[in-house]
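J.: Heads up: the sequence shown runs through residues 287 to 786, numbered per this note's numbering. No residue lacks a Cβ here, since even glycine has one placed at the ideal position from N, Cα and C. Take a look at the following structure, please.
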Amino acid sequence: MALKLFNTMGRELQEFKPICEGKAGFYGCGPTVYNYAHIGNLRAYVFLDILDKTLQFLGYDVNHVMNVTDIGHLSGDSDDGEDKMLKTAKEKGQSVLDIAQFYTDAFFSDISKLNIRKPDVVCKATEHVNEMIELIKKIEANGHTYMAGGNLYYDVTTFKDYGKLAMLNLDDLKAGAGKRDVVVVDENKRNPHDFVLWFTKSKYENHALVWDSPWGKGYPGWHIECSAMSMKYLGENFDIHTGGIDHIPIHHTNEIAQSEGATGKKWVNYWLHNEFLVIAKEKNADGTESQAKMSKSSGNFLTLQKLIDEGYAPLDYRFLLLGGHYRSQITFSWPAMDGAKNSRKALNQRIAKILEKTEFAKSLEGVKNIKITQDTALSELENFTKALEDDLSTPKALSILQTTVKNQNISDEQKIALINKMDEVLSLSLLEEAKKILDAENQPKNDVQESNPEIEQLIAERAEAKKQKNYQRSDEIRDQLKAKGIILIDTPQGTTWKYE
Ligand code: AMP
Ligand code: ZN
287 MALKLFNTMG RELQEFKPIC EGKAGFYGCG PTVYNYAHIG NLRAYVFLDI
337 LDKTLQFLGY DVNHVMNVTD IGHLSGDSDD GEDKMLKTAK EKGQSVLDIA
387 QFYTDAFFSD ISKLNIRKPD VVCKATEHVN EMIELIKKIE ANGHTYMAGG
437 NLYYDVTTFK DYGKLAMLNL DDLKAGAGKR DVVVVDENKR NPHDFVLWFT
487 KSKYENHALV WDSPWGKGYP GWHIECSAMS MKYLGENFDI HTGGIDHIPI
537 HHTNEIAQSE GATGKKWVNY WLHNEFLVIA KEKNADGTES QAKMSKSSGN
587 FLTLQKLIDE GYAPLDYRFL LLGGHYRSQI TFSWPAMDGA KNSRKALNQR
637 IAKILEKTEF AKSLEGVKNI KITQDTALSE LENFTKALED DLSTPKALSI
687 LQTTVKNQNI SDEQKIALIN KMDEVLSLSL LEEAKKILDA ENQPKNDVQE
737 SNPEIEQLIA ERAEAKKQKN YQRSDEIRDQ LKAKGIILID TPQGTTWKYE
């Protein structure tokens, strides 16, 4: 079988045929760094990581490029609203670039905790404004732009295939009332779908970062950075472009109009989009339901750190995500996190039992040199490969891992080799976690926690409160103990404590 990917352009499964044999170049829209990434954003990067590692697993030489949006991302996805970076900078009394650096570091720390490989190229928008200006000049020379009210706009009616990716209805487009929720606040636009390539007039004062350009001193629109940086690092035509589904109707649609409007040729061969992570609906007291929408701009969101504070390991979250296909919505809830945590723990324990029976119980060194030769092992490896080739089906891949672990017809050593191989893509640190379990079991138990009934009682009460989803009470208990200099440590085995 060959790798098949669901191409949003055309909405069909297609065999992946790289431009250059044996190589795969892809661009994933990166984070906007004016706040922490929320766990929904992190889903997009776990998906990218699976794509990245599947391509490598299948033998491709991968070039993975990701941008960091450290300028000009406006509050709305369209061009109205306030610059989010500037807003945070004002609130915190820091410079825009300080804010950007702080949240960029936080982002890379989060993705590393989730075992996500750092992209080969990470490019910052602020360092590529010249490339953006050069690209805009080409778009202008090809007759796609107009100046209005001091800003340079892209005229979407000049681009034949505008709306193809999102399957927008062109009649709706002409009438200016697409299926999208476009709010016309900018009277300079000829068409509500037109968008700004270069701003010299901003709706808000004292924009912190401005550059000289042929259209005046100002700053680029949001979409242009992805067109400019992807082409700089991957060429005018490259294999794959990814992002969350929210990017289909505006951001990616506009990226295509810009890139193809500049070069006059096809830009990206495969468009891959991950579905959203949504928060479970909560029942209100009056019986109605409300859904907490996670959004960076509302400030209402869960971070990876919040999961860690609640006693989950980042890999529990990765495990939860791998249990769903990237094109299906995943509903986040605390019980779902408990489920992922428990299943991962059980899996790691099973693997520890296998590891214990091999020479690798002492050290994992050399595991990657074991050749997979047994027929039964090879056939599981083939099943695993097929699952990934089937549009990156991680749920199937995980279930093949589970059957491999239980398969009586595979020798322990071959199982260890297989688990190691599968973990190249799944990246759940399977053997390392199993080794930790063995090491903990073999450690002399001489550092037993001093017992304190009052604290134990409160810990038990907090566990119960968490079970009942009474997070207010559980946080209260944590704070109450903290005031007494007692720190709670949530571990996969339960909660322990220590003096500060
Ligand atoms: P941002 O930093 O807001 O530009 O978003 C980074 C990435 O996260 C983009 O690819 C978005 O499409 C994606 N994204 C945003 N919200 C979610 C969500 N709830 N679930 C999955 N992906 C998301
Ligand atoms: Zn982008």
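1. Just to confirm, is the Cβ distance from Leu633 to Gln688 under 8 Å?
2. With hydrogens ignored, establish whether the beta-carbon of Asn560 is closer than 7 Å to any heavy atom of the ligand AMP.
3. Ile526 and Tyr556 - do their beta-carbons sit closer together than 8 Å?
4. Please tell me whether Ala683 and Leu712 are closer than 8 Å, where the distance is taken between their beta carbons.
5. Looking at the secondary structure, which residues open and close the beta strand (DSSP E) in which Lys784 lies?
6. Ordered along the chain, which non-local residues of its own chain (more than five positions away) have a Cβ less than 6 Å from that of Leu438?
7. With which residues is Val415 paired in a DSSP beta bridge?
8. Would you report the Cα separation of Glu747 and Ser760, rounded to the nearest angstrom?
9. Taking one C-beta from the stretch 404-415 and one from the stretch 346-358 each time, how about it: are there three or more such pairs within less than 8 Å?
10. Taking the beta carbon of Leu299 as the centre, do at least 16 other beta carbons fall within 10 Å, making it buried, or is it exposed?
11. Considering only residues of the same chain and omitting the five flanking positions on each side of Leu593, which have a CB-CB separation below 6 Å?
12. So what does Ile616 bridge to, in DSSP terms?
13. Keeping to the same chain, check which residues put their C-beta closer than 6 Å to that of Phe670; ignore five residues upstream and five downstream.
14. If you draw a straight line from the C-alpha of Ala626 to the C-alpha of Ala720, how long is it?
15. Straight-line CA distance for Ala452 to Lys753?
16. Looking at Leu674 and Phe445, is the spacing between their C-beta atoms short of 8 Å?
17. Cβ-heavy atom distance between Pro317 and the ligand AMP below 7 Å?
18. Under 8 Å, with one C-beta from each stretch per pair, do the stretch 309-327 and the stretch 377-388 reach the 3-pair mark?
19. Alpha carbon to alpha carbon, how far is Lys518 from Gly507?
20. For Leu483, which of helix, strand or coil comes out of DSSP?
21. Give me, in chain order, the residues of the same chain whose beta-carbon lies closer than 6 Å to that of Val469; leave out the 5 immediate sequence neighbours on both sides.
22. In the DSSP output, what is Asn353 paired with across the bridge?
23. Answer yes or no: the CB of Ala330 versus the heavy atoms of the ligand AMP, is any distance below 7 Å?
24. Would DSSP call Ile772 helix, strand or coil?
25. What do you reckon, is the C-beta of His537 under 7 Å from a heavy atom of the ligand ZN?
26. Within 10 Å of its beta-carbon, does Met418 have 16 or more other beta-carbons around it, so buried, or fewer, so exposed?
27. Buried or exposed, going by whether 16 or more other CB atoms sit within 10 Å of the CB of Asp661?
28. From Leu291 to Gly429, what does the alpha carbon distance come to, in whole angstroms?
29. Is Leu774 a contact residue of the ligand AMP, with contact defined as CB to any heavy atom under 7 Å?
30. Could you tell me whether any non-hydrogen atom of the ligand AMP is closer than 7 Å to the CB of Met327?
31. Give me the residue from Met515, Ile531, Ile775 and Ser665 with the minimum Cα distance to Phe787.
32. Would Ile773 be called buried (16 or more neighbouring beta carbons within 10 Å of its own) or exposed?
33. Taking 8 Å as the cut-off, decide whether the C-beta atoms of Tyr331 and Pro304 are in contact.
34. Run through DSSP, which three-state label would Pro621 get?
35. Quick one: what does DSSP say Gln766 is sitting in, helix, strand or coil?
36. Would you kindly report the start and end of the unbroken beta strand (DSSP E) that includes Gly529?
T.: In terms of the structure at hand:
1. With a cutoff of 8 Å on beta-carbon distance, Leu633 and Gln688 are scored as near each other.
2. yes
3. yes
4. yes
5. Gly780 to Tyr785
6. Thr431, Leu483, Trp484 and Trp501
7. Assignment of beta-bridge partners to Val415 by DSSP yields no partner.
8. 8 Å
9. yes
10. exposed
11. Tyr603
12. Leu563
13. Result list for Phe670: Ala683, Ile686 and Met708, in chain order.
14. One C-alpha to the other measures close to 17 Å.
15. 42 Å
16. no
17. yes
18. yes
19. Rounded to the nearest angstrom, the two C-alpha atoms are 18 Å apart.
20. strand
21. With a pLDDT of 47 at Val469, under the threshold of 50, the predicted position of this residue should be treated as unreliable, and no value is reported.
22. For Asn353, which the question treats as bridged, DSSP gives the partners Cys409.
23. yes
24. strand
25. yes
26. buried
27. exposed
28. 35 Å
29. no
30. Sequence check: residue 327 is Asn here, not Met. Yes; taking the cut-off as 7 Å, the Cβ of Asn327 has a heavy atom of the ligand AMP nearer than that.
31. Outside the displayed span of the chain (287 to 786) sits residue 787, for which this structure offers no information.
32. exposed
33. no
34. helix
35. helix
36. Phe524 to Gly530
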